[in-house]
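Colleague: Protein chains in written order, with this note's numbering: chain A, 22 to 304; chain B, 22 to 304; chain C, 22 to 304.
Ideal Cβ placement from N, Cα and C applies to all residues, glycine included.
The structure under discussion is supplied below as structure tokens; questions concerning it will follow.
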Amino acid sequence: MNEFNPQDIASLLDEVRRRPPLVHNITNYVVMNYTANALLALGASPVMAHAIEEVEEMAGLADALVLNLGTLSPPWIESMLAAARVAARRGLPVVLDPVGAGATRLRTNTAHRLLETRSITVVRANASEVRALAGQFTRVRGVDAADPVESARDAALKLSGQYQVVVAMTGPEDYITDGRRAIGVANGHPLMARVSGTGCVASALTGAFCARSPDAWTAAAGSLLVLGLAGELAAQANPRPGAYAVGLLDGLDEINADIVKTRARLVRYALHPDRDEHPNPAS
Amino acid sequence: MNEFNPQDIASLLDEVRRRPPLVHNITNYVVMNYTANALLALGASPVMAHAIEEVEEMAGLADALVLNLGTLSPPWIESMLAAARVAARRGLPVVLDPVGAGATRLRTNTAHRLLETRSITVVRANASEVRALAGQFTRVRGVDAADPVESARDAALKLSGQYQVVVAMTGPEDYITDGRRAIGVANGHPLMARVSGTGCVASALTGAFCARSPDAWTAAAGSLLVLGLAGELAAQANPRPGAYAVGLLDGLDEINADIVKTRARLVRYALHPDRDEHPNPAS
Amino acid sequence: MNEFNPQDIASLLDEVRRRPPLVHNITNYVVMNYTANALLALGASPVMAHAIEEVEEMAGLADALVLNLGTLSPPWIESMLAAARVAARRGLPVVLDPVGAGATRLRTNTAHRLLETRSITVVRANASEVRALAGQFTRVRGVDAADPVESARDAALKLSGQYQVVVAMTGPEDYITDGRRAIGVANGHPLMARVSGTGCVASALTGAFCARSPDAWTAAAGSLLVLGLAGELAAQANPRPGAYAVGLLDGLDEINADIVKTRARLVRYALHPDRDEHPNPAS
Chain A
22 MNEFNPQDIA SLLDEVRRRP PLVHNITNYV VMNYTANALL ALGASPVMAH
72 AIEEVEEMAG LADALVLNLG TLSPPWIESM LAAARVAARR GLPVVLDPVG
122 AGATRLRTNT AHRLLETRSI TVVRANASEV RALAGQFTRV RGVDAADPVE
172 SARDAALKLS GQYQVVVAMT GPEDYITDGR RAIGVANGHP LMARVSGTGC
222 VASALTGAFC ARSPDAWTAA AGSLLVLGLA GELAAQANPR PGAYAVGLLD
272 GLDEINADIV KTRARLVRYA LHPDRDEHPN PAS
Chain B
22 MNEFNPQDIA SLLDEVRRRP PLVHNITNYV VMNYTANALL ALGASPVMAH
72 AIEEVEEMAG LADALVLNLG TLSPPWIESM LAAARVAARR GLPVVLDPVG
122 AGATRLRTNT AHRLLETRSI TVVRANASEV RALAGQFTRV RGVDAADPVE
172 SARDAALKLS GQYQVVVAMT GPEDYITDGR RAIGVANGHP LMARVSGTGC
222 VASALTGAFC ARSPDAWTAA AGSLLVLGLA GELAAQANPR PGAYAVGLLD
272 GLDEINADIV KTRARLVRYA LHPDRDEHPN PAS
Chain C
22 MNEFNPQDIA SLLDEVRRRP PLVHNITNYV VMNYTANALL ALGASPVMAH
72 AIEEVEEMAG LADALVLNLG TLSPPWIESM LAAARVAARR GLPVVLDPVG
122 AGATRLRTNT AHRLLETRSI TVVRANASEV RALAGQFTRV RGVDAADPVE
172 SARDAALKLS GQYQVVVAMT GPEDYITDGR RAIGVANGHP LMARVSGTGC
222 VASALTGAFC ARSPDAWTAA AGSLLVLGLA GELAAQANPR PGAYAVGLLD
272 GLDEINADIV KTRARLVRYA LHPDRDEHPN PAS
């Protein structure tokens with residue numbers, strides 16, 4: 022699969038629902054409930070477990086592992102490292118969501134520490150986090166992106182190359198690259214940024230899609246496409262953020278192969294061997 | 022009360038609302054908010070506290086204690102044991118929700134450790150957790166049931182006898198037994214399984230009902246009946262899981278004595294002295 | 022500003038939205054998600070971080086700090102103290118929400134310990150918590166108020182004087198005093214008490230308003246006014262607590278300067294030098 026094809030994502034979505042993957046999340050307190058409900062709404066199966074006493078056993082049962090650095094503390098870091106080792110040994114996809122990387126050293130350093138285990142498959146992050154992890158200047162103060170996606174594409178490519186990971190960067194236009202291929206996903210809705218945890222949900226869904234696809238780049242882009250489309254469905258009846266957060270879950274339930282095939286708004290990027298970007302928009 | 026009578030549950034519901042019990046929950050991060058809102062929607066009063074430094078004092082103020090093993094870690098286990106001791110001394114009902122028993126040894130062992138204190142009044146669990154705790158084979162991998170309720174009735178009776186507890190097993194048809202009596206509750210809706218924490222909510226409501234009833238078997242069956250009916254009310258206007266989760270809370274507010282008396286779908290089981298089951302359906 | 026003027030709050034609301042403050046919350050597990058979504062719905066920017074390893078750094082980036090004692094444990098207390106020190110050094114407003122003070126010694130003592138650092142700007146609490154912290158008898162058992170607001174105005178004045186803080190006491194009629202000025206806010210709706218975390222939301226919003234106002238008394242009263250009005254907006258279409266909780270977030274998005282200026286229901290209290298209260302109702 023060198024090309025990104027919405028038809029493949031439609032099939033992948035069906036496959037996720039046919040054989041619901043168990044997604045083991047070591048994630049932050051703020052979004053645990055919303056993440057679990059998003060995975061359930063999509064049709065996947067969530068489990069949350071973080072104690073060092075059980076985290077390897079749980080990762081041993083799972084189909085994907087999602088590590089999220091929000092509300093981080095040292096015992097959780099040890100559990101993430103242990104679970105990542107099990108996942109790597111089992112060949113499971115591991116998604117890293119470096120929430121707040123760039124905001125505090127604990128988060129930036131932990132993200133690098135996890136990346137250095139070479140067990141991470143996908144980094145799902147916003148532009149500020151990607152810039153911070155690529156060692157670039159960022160204006161981030163909290164956990165929300167302060168840099169435009171456009172300013173971070175080079176950083177995404179650098180990060181991808183440095184750790185051999187897919188970088189799935191979310192923003193008004195998502196940008197997903199494995200260093201060799203890159204695609205933009207322009208689906209989504211501004212209200213997504215008004216709901217706590219939509220980025221974390223993107224990471225969790227990416228885990229679910231990676232569990233059922235041999236190609237993490239396709240799975241990551243596909244999960245952002247599906248979430249973006251669900252976000253568009255949600256906006257139709259929910260103009261304010263409270264109801265919208267609920268509607269987004271309903272959108273993950275409503276989304277289907279037909280919607281994926283007909284409403285994807287993609288931007289294709291050709292990556293030159295020297296990695297200069299030459300955007301080549303196409304629908 | 023040897024017979025389960027919806028009229029008794031209607032009265033119990035009114036009593037819970039007239040004198041809202043304080044339900045002390047030591048529960049998992051994923052469902053804390055939803056559980057608190059469910060108790061409030063029903064008309065009860067939730068409190069969450071887990072630190073060993075205050076857990077005995079809080080259990081000393083409460084009318085019921087609910088111990089939930091999701092997102093478990095060792096300090097929380099010590100707090101659960103301490104709170105359970107206080108509850109036992111005060112004669113409080115204690116509900117155990119062994120989330121993920123059978124999935125990891127930490128959870129299975131902790132459930133047994135708590136049961137061995139002989140302070141547990143009701144075990145509210147799904148079929149896989151009941152099978153796991155009764156020492157039977159289970160196909161569970163995460164926290165969702167992988168075994169049909171029908172396959173776990175014997176296990177429920179065994180568990181009930183072993184620890185002298187009420188077992189309230191939830192599924193498409195709930196099964197509630199104290200070893201001497203057994204009843205099935207067929208109310209509910211498939212969307213309940215698409216919302217994170219409905220099982221945990223069942224456990225918390227069971228705590229509230231037990232706090233206002235001298236008979237834990239009646240209270241446990243009654244709480245599952247009330248939740249099942251609320252789940253049916255919720256489905257009338259909410260066909261997708263996001264809105265349904267909200268509607269379930271509204272259903273707990275809407276449910277009343279009249280609905281309980283007229284819409285209960287019960288399955289009566291006669292238990293022989295040798296505990297063979299002879300299902301004897303009746304409305 | 023010796024007078025409380027809804028026009029000032031309308032301007033303050035606009036200012037919060039024009040320059041969204043970063044509000045650093047060290048808060049309880051139950052309400053983290055709802056609090057984050059409430060701040061986002063209002064137009065502010067939330068961040069949750071509690072590890073001692075990063076809490077000073079995060080407080081160093083924030084515009085306000087909110088300390089909430091629900092689901093308290095000793096490591097979190099140390100983090101609160103550390104973050105409060107940074108906030109005080111930087112001149113940041115610090116809001117204390119003493120959830121459950123009076124219910125357990127851990128919570129009561131921690132509230133006093135934080136107040137004694139002299140870094141607290143506003144105590145946002147219910148009547149029972151205010152009475153407990155002022156050393157008065159309270160009937161509280163859990164985290165819900167068991168005393169009427171009217172019975173705690175003296176306690177609010179005492180607490181305000183003892184620690185030189187604004188006390189923002191919520192209830193059917195909120196009462197906000199800095200010891201020199203006092204105002205009642207009669208906006209709100211009974212359903213707010215049926216939703217877990219509305220008090221915690223009040224505290225978080227108070228942090229956001231204090232971040233953009235030189236006068237904490239005005240900011241605190243203004244945030245309770247805005248929340249009360251949002252609560253009234255929410256009640257128009259949501260008669261039950263599940264949907265109401267969602268609607269309250271939408272209300273925080275919908276609320277605007279015009280609504281603030283036209284629908285405020287204020288009760289003005291004149292405080293004599295000897296602090297006898299002489300209520301002097303006015304719209």
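#1: In the DSSP output, which residue or residues are listed as bridge partners for P67 (chain A)?
#2: How would you call D279 (chain A), buried or exposed, if buried means at least 16 neighbouring beta carbons within 10 angstroms?
#3: From the DSSP output, in three-state form, read off R296 (chain C) for me.
#4: From the DSSP secondary-structure annotation, give me the bridge partner or partners of D195 (chain C).
#5: Roughly how many angstroms separate the alpha carbons of I30 (chain A) and E77 (chain B), rounded to a whole number?
#6: Relative to the C-alpha of T283 (chain C), which candidate in C:Y265, C:Y290, C:V247 and C:F158 has its C-alpha closest?
#7: Can you grab the Cα-Cα spacing for the pair I73 (chain B) / I47 (chain B), in whole Å?
#8: Quick one: grab the DSSP three-state call for P93 (chain B).
#9: Is there a Cβ from chain B that is less than 8 Å from the Cβ of A62 (chain A)?
#10: Going by DSSP in three states, T125 (chain B) sits in which element: helix, strand or coil?
#11: Please classify P302 (chain C): does DSSP put it in a helix, a strand, or coil?
#12: Measure from the C-beta of V206 (chain B) to each C-beta in chain A and report whether the shortest distance is under 8 Å.
#13: From the beta carbon of R284 (chain C), is the nearest beta carbon of chain B less than 8 Å away?
#14: Roughly how many angstroms lie between the CA atoms of I204 (chain A) and V187 (chain A), to the nearest whole one?
#15: Could you list which residues in chain A have their beta carbon closer than 8 Å to that of G220 (chain C), in chain order?
#16: Could you please give me the residues that DSSP links to R145 (chain C) through a beta bridge?
#17: From the DSSP secondary-structure annotation, give me the bridge partner or partners of V305 (chain A).
#18: In whole angstroms, what separates the C-alpha of S244 (chain B) from that of A85 (chain B)?
#19: Work out the CA separation of G91 (chain A) and G220 (chain A) for me, nearest whole Å.
#20: Use the C-beta contact count for T285 (chain A): other C-beta atoms within 10 angstroms, 16 or more gives buried, fewer gives exposed.
#21: Quick one: using the 10 Å Cβ neighbour count with 16 as the cut-off for buried, is R39 (chain A) buried or exposed?
#22: Relative to the alpha-carbon of A80 (chain A), which residue among A:S100, A:R128 and A:D274 has its alpha-carbon at the smallest distance?
#23: Is the beta carbon of M190 (chain C) sitting closer than 8 Å to the one on V170 (chain C)?
#24: Could you name the residues of chain C that H71 (chain B) contacts, counting a contact when the two beta carbons are closer than 8 Å?
#25: Using DSSP with H/G/I as helix, E/B as strand and the rest coil, what is L113 (chain A)?
#26: The alpha helix (DSSP H) with S32 (chain A) in it runs from where to where?
#27: Taking beta-carbon pairs under 9 Å, can you tell me which members of the region 265–278 of chain C lie near chain A?
#28: Using C-beta distances below 7 Å, list every residue in its chain close to I141 (chain B), excluding the 5 sequence neighbours before and after it, in chain order.
#29: When DSSP labels each residue in this structure, what does L269 (chain B) get in the three-state scheme?
#30: So, with DSSP's three-state summary, where would you put V76 (chain C)?
#31: Rounded to whole angstroms, what is the Cα-Cα separation between L82 (chain A) and R160 (chain B)?
#32: Since N89 (chain B) meets chain C, which of its residues come closer than 9 Å, beta carbon to beta carbon?
#33: Nearest-angstrom Cα distance between G64 (chain A) and G121 (chain A)?
#34: Any Cβ of chain C within less than 8 Å of the Cβ of S66 (chain B)?
#35: Could you name the residues that DSSP lists as bridge partners for L88 (chain B)?
#36: Only counting the same chain, and skipping five residues up and downstream in sequence, which positions put a Cβ closer than 8 Å to that of G123 (chain A)?
Modeller: From the atom records:
#1: Looking at the DSSP output, P67 (chain A) bridges to A:V44.
#2: With fewer than 16 other Cβ atoms within 10 Å, it is exposed.
#3: Reliability fails at R296 (chain C), whose pLDDT of 48 lies under 50, so the model's placement of it is uncertain and no value is given.
#4: DSSP lists C:V206 as the beta-bridge partner residues of D195 (chain C).
#5: Their backbone Cα atoms lie some 52 Å apart in a straight line.
#6: Closest option to T283 (chain C), judged by alpha-carbon separation, among C:Y265, C:Y290, C:V247 and C:F158: C:V247.
#7: When only Cα atoms are considered, I73 (chain B) and I47 (chain B) end up about 11 Å apart.
#8: Reading the sequence as shown, one finds Leu at residue 93 (chain B) and not Pro. Of the three classes helix, strand and coil, the one that applies to L93 (chain B) here is coil, per DSSP.
#9: Residue-level contact check: A62 (chain A) touches chain B, since one or more beta carbons of chain B fall below 8 Å from its beta carbon.
#10: Under the three-state reduction of DSSP, T125 (chain B) is assigned to strand.
#11: Caution applies to P302 (chain C), whose pLDDT of 43 falls short of 50 and renders its modelled position unreliable; the value that the coordinates give is listed next. In the three-state reduction of the DSSP assignment, P302 (chain C) falls in the strand class, which pools E and B.
#12: Using beta-carbon distances, V206 (chain B) does not count as an interface residue toward chain A, since no partner is under 8 Å.
#13: When Cβ-Cβ separations below 8 Å define contact, R284 (chain C) makes no contact with chain B.
#14: Roughly 12 Å between the two C-alpha positions.
#15: Within chain A, not a single residue places a beta-carbon under 8 Å from that of G220 (chain C); the smallest gap is close to 18 Å.
#16: In DSSP, R145 (chain C) forms a bridge with C:A189.
#17: Because chain A spans 22 through 304 in this model, residue 305 (chain A) falls outside it and cannot be assessed.
#18: Across the structure, S244 (chain B) and A85 (chain B) are spaced so that their CA atoms are roughly 14 Å apart.
#19: In this structure, the CA atom of G220 (chain A) is about 11 Å from the CA atom of G91 (chain A).
#20: What sits at residue 285 (chain A) in the sequence shown is Ala, not Thr. So A285 (chain A) counts as buried.
#21: With fewer than 16 Cβ atoms within 10 Å of its Cβ, R39 (chain A) is classed as exposed.
#22: Closest by alpha carbon: A:S100.
#23: Contact: yes.
#24: Per Cβ cutoff of 8 Å: T92 and S94.
#25: Look at L113 (chain A) here: in three-state DSSP terms it is coil, with no helix or strand label.
#26: Counting along the chain, the alpha helix (DSSP H) containing S32 (chain A) begins and ends at P27 to R39.
#27: Along the region 265–278 of chain C, the positions whose C-beta sits under 9 Å from a C-beta of chain A are A266, V267, G268, L269, L270, D271, G272, L273, D274 and E275, read in chain order.
#28: Excluding positions up to five away in sequence, the list reads V115, L117, L135, Y184 and V186.
#29: Here L269 (chain B) sits in helix by DSSP.
#30: The DSSP-derived three-state label of V76 (chain C) is helix.
#31: Taking the CA atoms as reference points, L82 (chain A) sits about 11 Å from R160 (chain B).
#32: In chain order: nothing, as chain C lies at least about 13 Å away.
#33: C-alpha separation (whole angstroms): 28 Å.
#34: Chain C contact via Cβ: present.
#35: DSSP lists B:I47 and B:L117 as partners of L88 (chain B).
#36: A distance below 8 Å between beta-carbons, with the five flanking residues on each side excluded, links G123 (chain A) to the following residues of its chain, in chain order: T129, S149, E150, R152, A153, L154, T159 and V161.
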